[in-house]
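Peer 1: Chains as they are written, first to last, in our numbering: chain A, 756 to 1030; chain B, 4 to 237.
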Amino acid sequence: MKFSITSITKWVSIVVLILVVIVTLFPVVWMALSSVKSKEEIFRAPPTWAPETFTSRHYEDLFTRFHFVRLTVNSIIIAVGVTVISVVIGSMAAYGFSRYSFRGSGMLLIFILLARMITPAALVIPLYTLMRTLGLLDTMISIIIGITIMNLPFVIWIMKAFFDSAPKDVEEAAEVDGMSPFRTFWKIVIPMAMPAIATVVLFSFVTAWVDFLFGISFSTTPQSMPLTVGISNMQTGYEIYWGPMMAAGVYLTLPTLVLAFLLQKYFIKGLTMGY
Amino acid sequence: MVGSDIVSHSLYVTVLFTVVSVAIEFIVGLFIANALAKQMREKLSKVGKGLNRVLRSIFILPFAVPAVVAAVAWKMLLQPEFGPVNALLGVDMAWTTQQPLLSIIVADAWKMMPFILFILFAAIMSIPAERFEAIKIDGASGWQEFRYVTFPAILSVIAVVIAFRAVDAFTKIFDIVYMMTGGGPGMQTQVFPLLIWKTAFSHFHFGEAAVLAVAAIAISLIFGLVLILRGRTK
């Protein structure tokens, strides 16, 4: 009797597991399949499963009709910009918090933690007015600044946790030898912090790459527009360009997907450490 | 003008979205995390380990998909005429207009479930193996093992992960709603972040949007402080 109950639970969990795996894969697989179907086939009801005819038409459309060359360059510039600024400022701030506690530094840290919980859409409103005054609307700078502000608390938090656990004796030795704190930081501390920096670089890059809010708020023309906003422009009030939209979905997902798989270890570490 | 009924309705929708979405993510995430961890403990064969790795790689997938893309992918799946979901279920439902809130909940839960899954998996894996062995010798079933060993050990992690995920869902839901329903039909999916955004960028009432933004930040601060202070006392 007991044996049968155990085997029933076992089989139920296997079935549920398989179902969840299917649901997890299905949207992306369907998107990829649809992206190579002809326009006529996409609109067919009931839908076909595997594409009957294979076409790269929608992918070509991305570059010929939807400015994807320019948008890709923009997205890369934004992602690299956010990553570099976040890592430079964030690691210095984190080091400061970790090594030099001062009056109110605990309070400041709590504020930084709280900043992670703020509604980004609320932050966009004052930033927009600020960017308008500075004449930075519709530039990538404004988007980079916006995303960096949202991203910095995460970077500081991860880096501080790392510095807190790192041994201090090497730095002390450098200090005895008369090295300035700034030089110690760049020449000794940062090279040792590479595992943590890898996590932070990966997350900053992905955060900036997938950002939609700051792009849609600050950008109005292709000169500053990221890819995420490019996708959203494929659904207008009159028409949804399903084919190009599916192709764009695949295109946008590929870089983050490759990064996530190659750097799985860092990815999961950042995930579990960020909270 | 944004009336108070619009604001309270929006808050209601956001809370409803948060509760249902996080509940789904948690139940599915816990189930899968427990199943994967159990398999890791019991099957030490190479095939079992490899399979486990493959499964974990699969669950990373929704993370790697940008929220905007998740939204369009689900919009395609749920499309009434040529979407596969209707064809599979044999129904004729215009999901994003007839069940708009459910649609965004499904897309969000799909994207965020793995987050809870990985954290709970790590928590379960850190439970000492002897505890499972001990209860096994006493002849416990899989459910009893979960009930008396796994669950009590990860209870505090569960509390933290649900709290953080709920704050996250409440404050950050934007991309998916913007792309799938645009807040509609009517105001049925007008979540709070979208209300703030639309007040400013669709209706150009920046003053009112600023008021709503301050309210949103106040809500975040209260939630956040409670979380942090509770976390400190533990």
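By construction, the Cβ of each residue, glycine as well, lies at the ideal position given by its N, Cα and C atoms.
Apart from the five residues just before and just after L882 (chain A), which ones in its own chain have a Cβ nearer than 6 Å to its Cβ?
Peer 2: G901
Peer 1: Between I138 (chain B) and the rest of its own chain, which residues show a CB-CB distance below 8 Å, the 5 nearest in sequence each way excluded?
Peer 2: Q147, E148, Y151, V152
Peer 1: Between the segment 978-1000 of chain A and chain B, which residues of the former have a C-beta closer than 9 Å to a C-beta of the latter?
Peer 2: Taking a C-beta cut-off of 9 Å against chain B, the contacting residues of the segment 978-1000 of chain A are L982, T983, V984, I986, S987, M989, Q990, I995, W997, M1000, listed in chain order.
Peer 1: Compile a chain-ordered list of the residues in the segment 91-103 of chain B whose CB is closer than 8 Å to at least one CB of chain A.
Peer 2: none
Peer 1: Whose Cβ in chain A lies nearer than 9 Å to the Cβ of V18 (chain B)?
Peer 2: The premise fails here: V18 (chain B) is roughly 14 Å from chain A at the closest Cβ pair, so nothing lies under 9 Å.
Peer 1: Please check the pair I769 (chain A) and W997 (chain A), which I expect to be a contact at CB under 8 Å, by giving their CB distance rounded to whole angstroms.
Peer 2: No, I769 (chain A) and W997 (chain A) are not in contact; Cβ-Cβ is about 35 Å, not under 8 Å.
Peer 1: Cβ atoms of I833 (chain A) and I898 (chain A): under 8 Å apart, would you say?
Peer 2: yes
Peer 1: Is the beta carbon of S13 (chain B) closer than 8 Å to that of L224 (chain B)?
Peer 2: No. Outside cutoff.
Peer 1: Suppose you measure from the CA of I986 (chain A) to the CA of D924 (chain A); what does that come to, to the nearest Å?
Peer 2: 51 Å
Peer 1: Could you compute how far the alpha carbon of P65 (chain B) sits from the alpha carbon of L232 (chain B)?
Peer 2: 32 Å
Peer 1: Helix, strand or coil: which one does DSSP assign to G191 (chain B)?
Peer 2: At residue 191 (chain B) the sequence reads Gln, which differs from the Gly that was named. Of the three classes helix, strand and coil, the one that applies to Q191 (chain B) here is coil, per DSSP.
Peer 1: Please list, in chain order, all residues of the same chain as I89 (chain B) whose beta carbon is under 7 Å from its beta carbon, the five residues on each side excluded.
Peer 2: A small correction: the amino acid at residue 89 (chain B) is Asn; Ile does not occupy that position in the sequence shown. P83, D95, M96.
Peer 1: Measuring only the C-alpha atoms, how far is D919 (chain A) from R854 (chain A)?
Peer 2: 8 Å
Peer 1: Specify the secondary structure class of F995 (chain A) as computed by DSSP and reduced to three states.
Peer 2: The sequence shown places Ile at residue 995 (chain A), not Phe. If DSSP states are grouped into helix, strand and coil, I995 (chain A) belongs with the strands.
Peer 1: Name, please, each residue of chain A whose Cβ falls closer than 9 Å to the Cβ of V229 (chain B).
Peer 2: Result: empty, since nearest Cβ-Cβ is about 11 Å, beyond 9 Å.
Peer 1: Where does Q990 (chain A) fall in DSSP's three states?
Peer 2: In the structure shown, Q990 (chain A) sits in a strand (DSSP, three-state: E or B).
Peer 1: Quick one: what does DSSP say I222 (chain B) is sitting in, helix, strand or coil?
Peer 2: Assigned with DSSP and collapsed to three states, I222 (chain B) falls in helix.
Peer 1: Which of the residues in the segment 196-213 of chain B, read from start to end, lie with their CB under 8 Å from any CB of chain A?
Peer 2: Of all residues in the segment 196-213 of chain B, those with a C-beta nearer than 8 Å to a C-beta of chain A are P196, L197, I199, W200, A203, F204, F209, A212, A213, reading in chain order.
Peer 1: Starting from F154 (chain B), find everything on chain A with Cβ-Cβ shorter than 9 Å and list it in chain order.
Peer 2: By Cβ distance, chain A contributes nothing, its closest Cβ being about 15 Å from F154 (chain B), past 9 Å.
Peer 1: Express the C-alpha separation of K794 (chain A) and M947 (chain A) in angstroms, rounding to a whole number.
Peer 2: 53 Å
Peer 1: According to the neighbour-count rule (16 or more other Cβ atoms, all chains shown, within 10 Å of its Cβ), is S7 (chain B) buried or exposed?
Peer 2: Looking at its Cβ environment, which holds fewer than 16 other Cβ atoms inside 10 Å, S7 (chain B) is exposed.
Peer 1: Under a Cβ-count criterion, where at least 16 other Cβ atoms within 10 Å of its own Cβ denotes burial, should S106 (chain B) be classed as buried or exposed?
Peer 2: buried
Peer 1: In three-state DSSP terms, what is G51 (chain B)?
Peer 2: Residue state, collapsed to three classes: helix.
Peer 1: Where do the N-terminal and C-terminal ends of the alpha helix (DSSP H) with M79 (chain B) fall, by residue?
Peer 2: 70-80
Peer 1: Along the segment 793-804 of chain A, what residues have a CB closer than 7 Å to any CB found in chain B?
Peer 2: Only those residues of the segment 793-804 of chain A whose C-beta falls short of 7 Å from the nearest C-beta of chain B are listed: I797, F798, R799, A800, P801, P802.
Peer 1: When you check each C-beta in the segment 175-194 of chain B against every C-beta of chain E, which residues fall closer than 8 Å?
Peer 2: Considering every chain present, this structure includes no chain E. Its protein chains are A and B.
Peer 1: With a CB to CB cut of under 7 Å and the five nearest residues on each side skipped, what residues in its chain are close to F173 (chain B)?
Peer 2: T17, T21
Peer 1: Can you tell me the Cβ-Cβ gap for I176 (chain B) and P196 (chain B), rounded? I've got them flagged as a contact below 8 Å.
Peer 2: 6 Å
Peer 1: For the segment 60-78 of chain B and the segment 1005-1019 of chain A, state whether three or more C-beta atom pairs, one from each stretch, are separated by less than 8 Å.
Peer 2: yes
Peer 1: Would a check of beta-carbon distances place P65 (chain B) closer than 8 Å to chain A?
Peer 2: yes
Peer 1: Kindly give me the distance between the Cβ atoms of V984 (chain A) and F967 (chain A), rounded to whole angstroms, as I take these residues to be in contact under 8 Å.
Peer 2: 7 Å
Peer 1: Answer with buried or exposed for I220 (chain B), where buried requires no fewer than 16 other C-beta atoms within 10 angstroms of its C-beta.
Peer 2: buried
Peer 1: Which chain A residues are close to G53 (chain B), counting only those with a beta carbon under 7 Å from its beta carbon?
Peer 2: Correct list: empty, because the minimum Cβ distance to chain A is about 14 Å.
Peer 1: Name the two residues that bound the continuous alpha helix (DSSP H) containing H813 (chain A).
Peer 2: 812-820
Peer 1: Using 8 Å as the cut-off, can you tell me whether the segment 868-880 of chain A makes contact with the segment 934-951 of chain A, which would need three or more C-beta pairs spanning the two stretches below that distance?
Peer 2: no
Peer 1: Could you work out which residue in B:M190, B:T192, B:I157, B:F204 is closest to N37 (chain B) when comparing CA atoms only?
Peer 2: Of the candidates B:M190, B:T192, B:I157, B:F204, the residue whose Cα lies closest to the Cα of N37 (chain B) is B:I157.
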